[in-house]
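A.B. asks: What follows is a single structure, and I will ask about it in a moment.
Numbering (the working numbering), first residue to last: 40 to 255.
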């Protein structure tokens with residue numbers, strides 16, 4: 040039975056990540072560390088024969104995906120608004136502490152809407168993709184809060200289960216989550232937020248993610 044292997048990568052570091060700023064759907068860019076991280080995850084995935092690639096349309100995710108695809112020049116990148124981070128309303132561009140001071144942030148995307156758009160994208164792009172008679176590999180580059188919310192929602196719905204020993208927790212920059220999906224659309228998380236490929240000095244410098252904390 041053909042299997043679809045979905046490699047879900049979080050974007051590289053940004054200055055906002057480094058400074059504890061809520062980004063949400065701000066179009067922030069990779070910083071120097073983020074550019075190097077993107078090169079490392081690109082090297083880690085260089086032998087994966089991707090057939091298709093998707094990313095959030097925000098620059099930090101799209102630029103990470105483009106770096107990965109330098110090793111896969113025949114693969115077109117599809118930039119998807121549905122893969123964006125949660126919209127954080129008036130908190131976007133502010134430090135994480137601001138969230139504690141705002142009881143009802145204006146225009147904050149509620150969790151139900153947030154997870155629904157992510158799961159809807161999954162169903163459309165992964166589960167309902169045209170049938171194939173061979174295995175396929177798909178690259179997806181998104182955001183920490185979005186990746187965590189998507190995986191948790193898929194597990195809660197029964198569409199995906201966790202492999203033995205897999206723990207669902209935080210999603211560091213350029214970490215790789217691998218989900219294998221059978222032809223009936225049922226999936227298994229084989230690994231979650233893996234950063235074993237990062238050089239030690241980069242791994243030690245990884246920062247916390249305010250956007251992901253807001254999605255927990």
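We put the CB at the ideal spot given by N, CA and C, even for glycine.
Predicted, not measured: the structure shown is a model, and the values here were computed from it.
#1: Go ahead and label residue 152 buried or exposed: buried means 16 or more other beta carbons lie within 10 angstroms of its beta carbon, across all protein chains shown.
#2: Measure the CB-CB distance between residue 181 and residue 108 and report whether it falls below 7 Å.
#3: Can you tell me whether DSSP reads residue 78 as helix, strand or coil?
#4: Put residue 90 into one of helix, strand or coil per three-state DSSP.
#5: Can the beta-carbon of residue 125 be found less than 7 Å from the beta-carbon of residue 184?
#6: Between which two residues does the beta strand (DSSP E) carrying residue 226 extend?
#7: For the region 199-213 against the region 66-78, are there 3 or more C-beta pairs whose distance is under 8 Å?
#8: Pull up the DSSP beta-bridge partners for residue 216, would you.
#9: Mind pulling the alpha helix (DSSP H) runs of 4 or more residues that sit fully within the region 154-215?
#10: Check the DSSP bridge columns for residue 103 and list the partner residues they point to.
#11: Could you give the distance in angstroms between the alpha-carbon of residue 155 and the alpha-carbon of residue 85?
C.D. replies: Let's see:
#1: Position 113 of the chain shown, counting from 1, holds the residue named residue 152. By the 10 Å Cβ count, residue 152 comes out exposed.
#2: As a working note, residue 181 is residue 142 in the chain shown. As a working note, residue 108 is residue 69 in the chain shown. No.
#3: Taking the chain shown and counting its residues from 1, the one referred to as residue 78 is at position 39. Note: residue 78 maps to helix in three-state DSSP.
#4: The sequence position of residue 90 within the chain shown is 51, counting from 1. Of the three classes helix, strand and coil, the one that applies to residue 90 here is strand, per DSSP.
#5: Here residue 125 corresponds to residue number 86 of the chain shown, with the count starting at 1. Here residue 184 corresponds to residue number 145 of the chain shown, with the count starting at 1. At a Cβ-Cβ threshold of 7 Å, residue 125 and residue 184 count as neighbours.
#6: Here the question's residue 226 lines up with position 187 in the chain shown. From DSSP, the beta strand (DSSP E) with residue 226 extends over 226-233.
#7: yes
#8: Start at 1 with the first residue of the chain shown, and residue 216 comes out as number 177. Paired residue(s): 47.
#9: 183-196
#10: For the purposes of this step, residue 103 is taken as residue 64 along the chain shown, with counting starting at 1. Answer is none; residue 103 lacks a bridge partner.
#11: The residue labelled residue 155 in the question sits at position 116 within the chain shown. The residue labelled residue 85 in the question sits at position 46 within the chain shown. One C-alpha to the other measures close to 32 Å.
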